[in-house]
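Heads up: the structure comes next, in structure tokens.
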Amino acid sequence: MAIDAIVSHTIFYQQDAKQTGKLLLLPHIEIYWQIKPNALHYITNQEKKIVANIKTDITFMNDAGIIKQDRYILQTVPRANVNELMQQRIIELRRYELPAGYVKMKLVLTDMADSLNHFSFSDSFMVSPASDKAFYSGIELLDSVFESPVETAFKKNGKQQVPLCTNFLDDGVNTIRYYAELYGADHI
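Right under this line is the structure:
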């Protein structure tokens, strides 16, 4: 059985921290994914808790070659029993600065307990440079938004904004939550 995951991404813009005295916005991608807990093989760690480890490889490329690569091990939250394992949400979010232009992205997730258990996702998209006029970021669909003082990768503007990793909405959805940013509002 392969890792069962869903992936999405959105382009946002952030001020270039290296520039002083002028506002220069650089494109950044937020890539987020969610993994079904029953699609992984778990081990018991030294503390007698059950965990899974997922080797994560992310590569961004353009016509000139590799723009950015990231490789790390994602570990699930240690749980005491199988019931707790199946109730957890395995969700991850990463941010990367990208150059403007055509970009190809590849995400590979590999179960460290079974290297044959993996997931691969590829996509390509155009990253637009920041405009000198007012413009919006991409739209990020949200699963939930709540106030929390905890610093996580999901925190924006003082709120935890957990992304919806798919653009599928079933019949039970009564509210669509989304997030977008407006840049250059001073030009309006």
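Going by the numbering used here, the sequence shown opens with residue 311, and the numbers climb by one from there.
Where a beta carbon is used, it is the ideal one built from N, C-alpha and C, also for glycine.
| Asked | Found |
| --- | --- |
| Per DSSP, which one or two residues make a beta bridge with ASN467? | Answer by DSSP bridge pairing: none, since ASN467 is not bridged. |
| Should ASP424 go down as buried or exposed, given a rule of 16 or more other Cβ atoms within 10 Å for buried? | exposed |
| Using 8 Å as the cut-off, can you tell me whether the segment 399-417 makes contact with the segment 371-380, which would need three or more C-beta pairs spanning the two stretches below that distance? | yes |
| Specify whether the segment 444-455 and the segment 486-496 touch according to this definition: at least 3 beta carbon pairs, one from each stretch, less than 8 Å apart. | yes |
| If you reduce the DSSP assignment to three classes, tell me which class PRO347 lands in. | helix |
| So what does DSSP say about ASP496, is it helix, strand or coil? | helix |
| Suppose the cutoff is 7 Å on Cβ atoms and the five residues either side in sequence are ignored; what does the same chain contact list for ILE353 look like? | VAL361 and ALA423 |
| Among GLY494, LYS466 and ASN484, which one has its Cα closest to the Cα of GLU340? | LYS466 |
| Looking only at its own chain, which residues have a Cβ that is under 6 Å from the Cβ of LYS414, when we skip the five neighbours before and after it? | MET371 and SER434 |
| If you draw a straight line from the alpha carbon of ALA463 to that of HIS497, how long is it in whole angstroms? | 30 Å |
| Under the assumption that ILE400 contacts THR386 (Cβ atoms under 8 Å), give the Cβ distance between them as a whole number of angstroms. | 6 Å |
| With a 10 Å radius around its C-beta and 16 neighbouring C-beta atoms as the bar for buried, classify GLN325 as buried or exposed. | exposed |
| Does DSSP put LEU408 in a helix, in a strand, or in coil? | coil |
| Helix, strand or coil: how does DSSP classify VAL392 here? | helix |
| What residues match up with GLN385 in a beta bridge as DSSP calls it? | ASN363 |
| Can you give the Cα-Cα distance for ASN391 and LYS346, rounded to whole angstroms? | 16 Å |
| Using DSSP with H/G/I as helix, E/B as strand and the rest coil, what is GLN397? | helix |
| If you measure between the beta carbons of ILE316 and THR476, is that distance less than 7 Å? | yes |
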